[in-house]
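**Q** In my numbering, the protein residues as written are 1 to 117.
1. Buried or exposed: which applies to residue 41, given that a residue is buried once 16 or more other Cβ atoms fall within 10 Å of its Cβ?
2. So residue 79 and residue 64 are supposed to be a Cβ contact under 8 Å. How far apart are they, rounded?
3. Would you check if the distance between the CB atom of residue 10 and the CB atom of residue 68 is smaller than 9 Å?
4. Rounded to a whole number of angstroms, what is the C-alpha to C-alpha distance between residue 108 and residue 30?
5. Measure how close the beta-carbons of residue 82 and residue 60 come, nearest whole angstrom, since I'm counting them as under 8 Å.
6. Taking all protein chains shown into account, do 16 or more other C-beta atoms lie within 10 angstroms of the C-beta of residue 85, making it buried, or fewer, making it exposed?
7. Considering only residues of the same chain and omitting the five flanking positions on each side of residue 26, which have a CB-CB separation below 8 Å?
8. For the alpha helix (DSSP H) that residue 106 lies in, which residues bound it at each end?
9. Can you say whether residue 48 is buried or exposed, counting buried as having 16 or more other CB atoms within 10 angstroms of its CB?
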């Protein structure tokens, strides 16, 4: 189960790197606009907010990678809980799809890590 937890955590980290790229660099281009559903003007106006959000996703990814590198279950659990909380909050305040895109993968990785620990 340890290997499954590590793989799932790595996938969650990769997912957050993807979110970082979409939100920081592609927000005003077709991939970012498809994600948000915004027209060009709304995407332009919200780009600074999206970039900030992308930066936070990058911090989550960095924390997860750090946890894997140092082999710390406590650090892994901390950052996975952060992912789940961010996903639940995002689903409640922005878009329900975030629950499936962010919170669910984080919860699966968290469950696997807790079982493995």
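Glycine included, C-beta positions come from ideal geometry on N, C-alpha and C.
All of these numbers come straight from a predicted model, not from anything done at the bench.
**A** According to the data block:
1. Looking up residue 41 in the chain shown gives position 41. Classification of residue 41: exposed, given that the 10 Å Cβ count is below 16.
2. Stepping through the chain shown from its first residue, residue 79 is reached at position 79. Stepping through the chain shown from its first residue, residue 64 is reached at position 64. Indeed, because the Cβ distance is near 5 Å, the residues count as touching under 8 Å.
3. Residue 10 sits at position 10 when you count from the first residue of the chain shown. Residue 68 sits at position 68 when you count from the first residue of the chain shown. Yes. Within cutoff.
4. The count along the chain shown starts at 1 and reaches residue 108 at position 108. The count along the chain shown starts at 1 and reaches residue 30 at position 30. Taken atom to atom, the span from the alpha-carbon of residue 108 to that of residue 30 is near 30 Å.
5. Residue 82 sits at position 82 when you count from the first residue of the chain shown. Residue 60 sits at position 60 when you count from the first residue of the chain shown. The distance from the Cβ of residue 82 to that of residue 60 is about 6 Å, consistent with a contact at the 8 Å cut-off.
6. Stepping through the chain shown from its first residue, residue 85 is reached at position 85. Result: exposed.
7. The residue you call residue 26 lines up with position 26 of the chain shown. Excluding sequence neighbours, residue 26 sits near 32.
8. Residue numbering aside, residue 106 sits at position 106 when the chain shown is read from its first letter. Taken as a continuous stretch (DSSP letters only), the alpha helix (DSSP H) holding residue 106 covers 104-116.
9. Translated into positions along the chain shown, residue 48 becomes position 48. Taking a 10 Å sphere around the C-beta of residue 48, we find fewer than 16 other C-beta atoms and assign the residue as exposed.
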